[in-house]
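2 protein chains.
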Amino acid sequence: MENSQSLDQVLRAWAEVFMHRSMHDFWHFMKHSGLSMSQLSVLLRLHYHHACGVSEIGEHLGVTNPAASQLIDRLVNLGLLERNEDPSDRRIKNISLTPRAIALVQEGIAARQRWLQALTAALSAEEQAAIIQALTTLTEAAHSLEAQSITS
Amino acid sequence: MENSQSLDQVLRAWAEVFMHRSMHDFWHFMKHSGLSMSQLSVLLRLHYHHACGVSEIGEHLGVTNPAASQLIDRLVNLGLLERNEDPSDRRIKNISLTPRAIALVQEGIAARQRWLQALTAALSAEEQAAIIQALTTLTEAAHSLEAQSITS
DNA sequence: TAATAAAATTAAGCTAGCTTAACTAATAAG
DNA sequence: CTTATTAGTTAAGCTAGCTTAATTTTATTA
């Protein structure tokens, strides 16, 4: 069929344009916030998962315990993280995002959201319906793939 | 309609899961390659745009000229960049990716491609057709939005 | 041709982020 | 109760990445 590209090509083209844009935006977000990749990784980890101890953050980042401790220390000083003793085990420090950090992460997510909305704003009802269907399918597939990888 | 979410919700959910995955992958790519965010930014800039001088790279990264020069110097020593005199103006050094750097960037892109393929592998023909249509529309919209922003 | 401008580099100095090694405090095990 | 283990921090030292200031080389302009 002349008006239909292969799924492979379409995925490639979409990933290319989405990633190019995402990396560009992320770079500017780093510059604008003044935070490093390591610092933003900590904030994102805490946004997507639950509050946790110092070691878990270091493990997730692939750095040593002292590195995680120092990184957290700087973020605490910046007012982006809170460090509280775990009442059940006073050796553990529970690390969590401050309201300011939550707002910062939300703003980063919202920026991407605005870009996607701009993409779809001028589309017809039919095109929008197709996108709703397609992205719902993809999102579900992503979630089930993630559920699989947890068990493996 | 009960089985149809709003476009807004769908975009939000998709951006969330896609970004979470992308950031996770990107972090591991950095760790695995041993390259910093700044270094990868240079490689991506050169992948998406043409070869250019030192100043342009610094400008794109939002750093000073000496910072760009030093960054490039390290990447040249790593065998990822080539630095050649511009024959038309010998003050300018033309910076370009080496074959090794091209392969590195391609591998990063291919990894994301494989993830998307895994997402769509188990889908029905109808679902695949809807995704082809939707992502083609989104990719075109992204390109035309980018074309607009160049002129503004 | 002499002065000026432009592109890149070098030098000096700072901070972030990482390492390993040594240390403190709290819990678990014997 | 004493010993070992676990969680986290502190200390010392290194490199990357950034800055500003000074320098070198090439091109432009008066």
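Order-wise, the sequence lines are chains A and B. Under the numbering used here, the residues of the first sequence are numbered 1 to 152, in order. Under the numbering used here, the residues of the second sequence are numbered 1001 to 1152, in order. Cβ atoms here follow ideal geometry from the backbone N, Cα and C, with glycine treated the same way. Just so you know, these numbers come straight off a predicted model, no measurement behind them.
In this structure, residue 42 of chain A places its C-beta atom within 9 Å of the C-beta atom of residue 81 of chain A. Its chain contains 1021 and 1025 as the residues whose beta carbon lies nearer than 8 Å to that of residue 1115 of chain B, once the 5 sequence neighbours on both sides are disregarded; these appear in chain order.
At a cut-off of 9 Å, the C-beta of residue 75 of chain A has no neighbouring C-beta in chain B.
By the rule that beta-carbons nearer than 9 Å mark a contact, residue 1031 of chain B touches chain A. Membership of residue 1040 of chain B in the alpha helix (DSSP H) is indicated by the continuous run 1037-1048. Pairing residue 1010 of chain B with residue 79 of chain A, the inter-Cα distance amounts to about 33 Å. Annotation: the continuous beta strand (DSSP E) that includes residue 97 of chain A extends over 89-97. Contact annotation for residue 1010 of chain B against chain A: 131, 132, 135, 136 and 139 [CB-CB distance below 8 Å, chain order].
Around the beta carbon of residue 1112 of chain B, 16 or more other beta carbons lie within 10 angstroms, which makes this residue buried.
Taking a C-beta distance under 9 Å as the contact criterion, residue 139 of chain A and residue 1027 of chain B do not qualify as a contact pair.
Residues are counted here when their Cβ sits less than 7 Å from a Cβ of chain B; for the region 39-70 of chain A these are 41, 44, 48 and 62, given in chain order. Across the set B:1019, B:1070, B:1086 and B:1149, the C-alpha of B:1149 shows the shortest separation from the C-alpha of residue 119 of chain A. With a threshold of 9 Å between beta carbons, residue 1097 of chain B makes no contact with chain A.
According to DSSP, residue pairing for residue 86 of chain A in a beta bridge involves A:89. Using a Cβ distance threshold of 9 Å, residue 1134 of chain B and residue 130 of chain A count as a contacting pair.
Its chain contains 1057 and 1060 as the residues whose beta carbon lies nearer than 7 Å to that of residue 1045 of chain B, once the 5 sequence neighbours on both sides are disregarded; these appear in chain order.
The Cβ of residue 147 of chain A sits no closer than 9 Å to any Cβ of chain B. Across the set A:127, A:101, A:90 and A:77, the C-alpha of A:90 shows the shortest separation from the C-alpha of residue 53 of chain A.
Nearest CB-CB separation between residue 113 of chain A and chain B: below the 9 Å threshold. For residue 9 of chain A, the uninterrupted alpha helix (DSSP H) run begins and ends at 7-33, by DSSP. At a cut-off of 9 Å between C-beta atoms, residue 117 of chain A counts as an interface residue with respect to chain B. At a cut-off of 9 Å between C-beta atoms, residue 88 of chain A does not count as an interface residue with respect to chain B. Separation of the CB atoms of residue 1029 of chain B and residue 1108 of chain B is rounded to 5 Å, and the pair is thereby assigned contact status at 8 Å. Classified as exposed, residue 100 of chain A has fewer than 16 neighbouring CB atoms from the shown chains inside 10 Å of its CB. Annotated three-state conformation of residue 1104 of chain B is helix, per DSSP.
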